[in-house]
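Number of protein chains: 2
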Amino acid sequence: MINVKQQHMVEVRRKFIAFLEKKGQRKTAERFLILDKIYERTDHFDAEALYHLVNRQRHHVSRATVYNTLELLVDSGLVMRHQFGNSSSQYEKAYGYRQHDHIICVRCRKVVEFCDPRIQQIKTRMGELLHFKITSHELHLHGYCESCQQQIDLEGSASQ
Amino acid sequence: MINVKQQHMVEVRRKFIAFLEKKGQRKTAERFLILDKIYERTDHFDAEALYHLVNRQRHHVSRATVYNTLELLVDSGLVMRHQFGNSSSQYEKAYGYRQHDHIICVRCRKVVEFCDPRIQQIKTRMGELLHFKITSHELHLHGYCESCQQQIDLEGSASQ
DNA sequence: ATAGTTGCAAAAGCTTTGCAGTATG
DNA sequence: CATACTGCAAAGCTTTTGCAACTAT
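If you want it as structure tokens, here you go:
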């Protein structure tokens, strides 16, 4: 199990190295540290959380570098950027992680991932129809999760 | 034709009035002015653009009021809020305007609207599966529009 | 009358930038 | 060794907030 994980990280780093070389960018320790930290987690995070995560033990990496590296990683396709609410950008690792979309509870802000093959059909069809070469997409469904819905029902029947 | 438009605005204002009354909010001149300005245009705009639009002739409405009213209008369902890039929130009128999604050129930032019935199927299916009561969605396709794609092809064949 | 709204300016929050020092290729 | 990157702090932008004045109900 651990070997599979390590193998995966080797592959991810290789991808990043290839990207940096293609772009003529340097392979700095900070960039790899950030990459590793991002791939340690499976959930969403924002730049500030990543900044603290990276600086938890010993290391020091500035916010500027965190933002700069996130930009590179998004460009390289190794990290995805999302804007859920009106708050800050959310990021998540993207490589070797199945393509998925998000359903967000408008009340408790919980985010659940899902997959639906129809989205691929839409991308193909609309790309043809509108003459776009589609490279990516983002689908957000908004609504009330089960527990929030229950609470709302309770409140509704209790008062007024 | 003009009558149809006027009729539509009467309906929109009525909707807004109903919302304000339900929420116990006041029906101020500023709020209706902002609503009218929004419904005069069919494209997307941000809060700053709306602020200037509202203050073009005579009237004076502050940014705070613009933001405050946009919030109300989004809550009432009369206006939709989108986050396309990393820039500011984009808004557009929502009532009586067919449901649609957006395809965005990552190079020139052009935004085109489209409809696909499959999105409704996804909403219904995922709502059931994940026990969410879906209220809305946002689908963004990202890619290269025809003209940007052509320019890229030219650049690619010209240099290196 | 009185509670909600407005306008203003200041503050807040996220992200970017300029510059001097540092490290990579 | 030249150039690109980092860290820091300051600036930039969008959006929110506090407060006094105002106004719809």
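Residue numbers (this note's numbering), protein chains in the order written: chain A, 1 to 160; chain B, 1001 to 1160.
Ideal placement from N, C-alpha and C gives every residue a C-beta, glycine not left out.
Everything numeric in this text was worked out from a predicted model, so none of it was measured.
#1: Is residue 1092(B) near residue 1137(B), with beta carbons less than 7 Å apart?
#2: Count the other C-beta atoms from every protein chain shown that fall within 10 angstroms of the C-beta of residue 104(A), then say buried if there are 16 or more, exposed otherwise.
#3: Thinking C-alpha only, which one of 1113(B), 1035(B), 1106(B) and 1064(B) is nearest residue 1152(B)?
#4: Rounded to the nearest angstrom, what separates residue 36(A) and residue 9(A) at their Cα positions?
#5: Looking at the strands, I want to know which residues DSSP matches up with residue 1095(B).
#6: If you count every other CB in all the chains shown that lies within 10 Å of the CB of residue 125(A), and 16 or more means buried, which is it?
#7: When the Cα of residue 1026(B) is compared with those of 1069(B), 1060(B), 1148(B) and 1149(B), which residue comes out closest?
#8: Is residue 78(A) near residue 64(A), with beta carbons less than 7 Å apart?
#9: Which ranges would you report for the beta strand (DSSP E) in the stretch 1072-1131 of chain B if only whole runs of at least 3 residues count?
#10: Rounded to whole angstroms, what is the Cα-Cα separation between residue 21(A) and residue 1075(B)?
#11: Mapping the DSSP letters down to three states, classify residue 1136(B) as helix, strand or coil.
#12: Could you list which residues in chain B have their beta carbon closer than 9 Å to that of residue 216(A), in chain order?
#13: Skipping 5 residues on each side, what residues in its chain have a beta carbon closer than 7 Å to that of residue 59(A)?
#14: By alpha-carbon positions, which one of 155(A), 39(A) and 141(A) ends up nearest to residue 1164(B)?
#15: How would you list, in chain order, the residues of chain B whose beta-carbon sits under 8 Å from the beta-carbon of residue 116(A)?
#16: Indicate the three-state DSSP secondary structure (helix, strand or coil) for residue 8(A) in the structure shown.
#17: Please confirm whether residue 112(A) has its beta-carbon closer than 7 Å to some beta-carbon of chain B.
#18: Does the ligand HEM have even one heavy atom less than 6 Å from the beta-carbon of residue 1029(B)?
#19: Which residues does DSSP pair with residue 1143(B) in a beta bridge?
#20: So which residues on chain B does residue 89(A) lean against when the C-beta distance must stay under 8 Å?
#21: Checking 7 Å against the spacing of the C-beta atoms, do residue 1090(B) and residue 1046(B) come in under that value?
#22: May I ask you to list the residues that DSSP assigns as paired with residue 45(A)?
#23: Quick check: residue 1132(B) and residue 145(A), are their CB atoms within less than 7 Å of each other?
#24: Who are the Cβ neighbours of residue 139(A) in its own chain at under 8 Å, not counting the five residues just before and after it?
#25: Assuming residue 1012(B) and residue 1051(B) make a contact with CB atoms under 8 Å, what is their CB distance in whole Å?
#26: Hey, does residue 140(A) have any beta-carbon neighbour from chain B nearer than 7 Å?
#27: Where do the N-terminal and C-terminal ends of the alpha helix (DSSP H) with residue 37(A) fall, by residue?
#28: If you count every other CB in all the chains shown that lies within 10 Å of the CB of residue 109(A), and 16 or more means buried, which is it?
#29: Nearest chain A C-beta to residue 1150(B) closer than 7 Å, yes or no?
#30: Pick out whichever of 135(A), 129(A), 48(A) and 57(A) has its Cα sitting closest to the Cα of residue 87(A).
#31: Please state whether the Cβ-Cβ distance between residue 1143(B) and residue 122(A) is less than 7 Å.
#32: If you count every other CB in all the chains shown that lies within 10 Å of the CB of residue 161(A), and 16 or more means buried, which is it?
With the structure as the only source:
#1: no
#2: buried
#3: 1106(B)
#4: 8 Å
#5: According to DSSP, residue 1095(B) bridges with nothing at all.
#6: exposed
#7: 1069(B)
#8: no
#9: 1079-1082, 1090-1093, 1101-1105 and 1111-1114
#10: 48 Å
#11: strand
#12: Residue 216(A) lies beyond the residue range present for chain A, which begins at 1 and ends at 160; the question has no answer from this structure.
#13: 33
#14: Nothing about residue 1164(B) can be read from this structure; chain B reaches only from 1001 to 1160.
#15: 1122, 1125 and 1126
#16: helix
#17: yes
#18: The ligand HEM is absent from the structure shown, which contains no ligand whatsoever.
#19: 134(A) and 1105(B)
#20: 1086
#21: yes
#22: 91(A)
#23: yes
#24: 101, 102 and 119
#25: 20 Å between Cβ atoms; not a contact.
#26: yes
#27: 29-40
#28: exposed
#29: no
#30: 48(A)
#31: no
#32: With chain A running from 1 to 160 in the structure shown, residue 161(A) is simply not present.
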